Structure formats: C-alpha cells, structure tokens
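> When you read off a place in the sequence shown, starting at 1, and then add 12, the result is the number in my numbering. We put the CB at the ideal spot given by N, CA and C, even for glycine. Note that the coordinates shown come from a computational prediction; the quantities given were computed from them, not determined experimentally. Okay, here's the structure, questions in a sec.
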Amino acid sequence: MRLRPSEIEEHQIGEIEYLLQYKRIRRMYLRLKPQESKVFVTAPYRTPLSEVEQFVSRNREWIRRQKEKQEQMAPKPVRQYVTGEEVYVWGKAYELLVLTDPEMVRQLCGEEAADALLKHHMASVKLENAKLLLACPSGFDEAKREQCIDLWLKRQMEAFLPAIFQGCRSLVGKQESSWYVRKMKTRWGTCNIRTGRICINLNLGHLPPEYLSYIVIHELTHLWEKGHGEQFKARMDQYYPQWRERRQDIIKLAYML
13 MRLRPSEIEE HQIGEIEYLL QYKRIRRMYL RLKPQESKVF VTAPYRTPLS EVEQFVSRNR
73 EWIRRQKEKQ EQMAPKPVRQ YVTGEEVYVW GKAYELLVLT DPEMVRQLCG EEAADALLKH
133 HMASVKLENA KLLLACPSGF DEAKREQCID LWLKRQMEAF LPAIFQGCRS LVGKQESSWY
193 VRKMKTRWGT CNIRTGRICI NLNLGHLPPE YLSYIVIHEL THLWEKGHGE QFKARMDQYY
253 PQWRERRQDI IKLAYML
C-alpha cells in the first residue's frame, strides 16, 4: 500500500519555527517558499524528531541568509488605509471609508464628540452596515490611520477574549496568569511557561472567531506541555478535536493578512 504524505506539523528549535511533513522519500529536504518565508522540512517516514532538529540546526545559517534575501526582495505592503480598501473584522470583509471632512465627522460622531476629536487630533472607528468608518483629522498619514484601526480592533478583541478564555480554561484545565493582545509578525500566539502569561496576535481579530478559540486552547495547552510533541497533540485531540483542520487553514490565512 502506498503511504500518503503525513499532515503538516509545527515545530520549533531555538528561534527557528518550521513546518514538518513526512513522505515516502529517502532523504530529508529543506526549503523556503519565496511567497511565504516559511521553513518547510520534508523527511522520510520514521525519521526521529531529534534527527530532524539536527538537520534544521545544521542549516541554520542557510536559513538566515535565505530569509534575508526574501526580506530584501519582498514587495512593499500595498495597504494604505484609504477609502475603498477592504478590511476584515472577525472574518467578514468591510469597505473602509475614511472621513476627514469636519461636517462628515460631525454627522458620524455628533457635534460635541466631533469637535473634541478634531480639537485633540483623535479618531473614531465604527462598523456601519458593510463599511468600516474611520473619522480622523485630514493630517493623519497612513501609519496613523493604521494605528487607529489597530487600536480599535484591539479593544474589540479585549472585550471578546474574556469569554473565550473562560470557556477554554474549562476545557484545558489550566489558567493563565494574565493575557494581552499585541501585533506580531510570525506567531499567532505565545505562552511564557515560566510566568503563565499568554500573548494573542492582534491579527486574529481579522479572522473568524473560531481561530481565536483554537489559538487560546493551543497556548493554554502549553501550560501542560512545553513543546509540540505527541503528548501535546494528544491533549489537543482531547480539547479541540478539529485542531488539525484549523492549523492547516490558519497556515494558509497567515499569508493573506
């Protein structure tokens, strides 16, 4: 019987995060996909994880050089946070509408609130029908507009996460010491095993809520198991049976944000 490739596994050795897949091959291969900047390792079936880790470690310098090349060649982000762009909130697409005209800001926020916003160079963000409305002074540049939307999204997540954590704690049987939301480039979440503190990636606010639950359960499970070995996977099977499907999907979604 012909063996099918295994599911993709997430691993980490030192500062290197990599994706591992077992196939019916004779030797190990390592590659970086240019459009994804992710380390992929393909190994023969029954290869011990220790051998895979040694293989990745031996290629550490090559990985570093390739990532540097990709960063230099990577296209600049096209998002400028201007009217007409698409912004996802909880997995739903909204058209961004930037309002800088004082009269339009007053219509959106009300006379008193608008005057305060304009006077103190502040901004207001709200969802209305299929649009994400950003009211701000005309002097706000791209970075400032992005900051306004990120801050608004962070507040949405901070209001939503307590209920998520409460339900996930009951499933996992562990409780974090604290949690916070921060924008991260390479990880959806982190867990400090020593302190019990969990960080959730701000970009999860762009995805459907079920991915937020998956990441919270994943990080809480690290309070039982430090790595991503068989015991960790067994616990994830118990707490969140569909975690493999979520993991495959979120790997693909990561390159869309």
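#1: So what does K143 bridge to, in DSSP terms?
#2: By Cβ distance below 6 Å, which residues in the same chain neighbour V99 in space, the five residues on each side in sequence not counted?
#3: When the Cα of I161 is compared with those of I227, L214, K50 and P56, which residue comes out closest?
#4: Residues bridged to Q24 by DSSP?
#5: Using the three-state DSSP reduction, which class does P56 fall into: helix, strand or coil?
#6: Let me know if R76 comes out buried or exposed under the rule of 16 or more other beta-carbons within 10 Å of its beta-carbon.
#7: Classify S62 as buried or exposed, calling it buried when 16 or more other Cβ atoms lie within 10 Å of its own Cβ.
#8: Could you tell me whether the Cβ atoms of W164 and V184 are closer together than 7 Å?
#9: In chain order, which continuous runs of the alpha helix (DSSP H) of length 4 or greater are located wholly inside the stretch 214-267?
#10: Note the first and the last residue of the continuous beta strand (DSSP E) segment covering G201.
Reading from the atomic positions:
#1: E107 and E140
#2: Y106, L108 and L144
#3: L214
#4: E29
#5: strand
#6: exposed
#7: Residue environment for S62: exposed (fewer than 16 other C-beta atoms within 10 angstroms of its C-beta).
#8: no
#9: 221-233, 242-251 and 255-265
#10: G201 to N204
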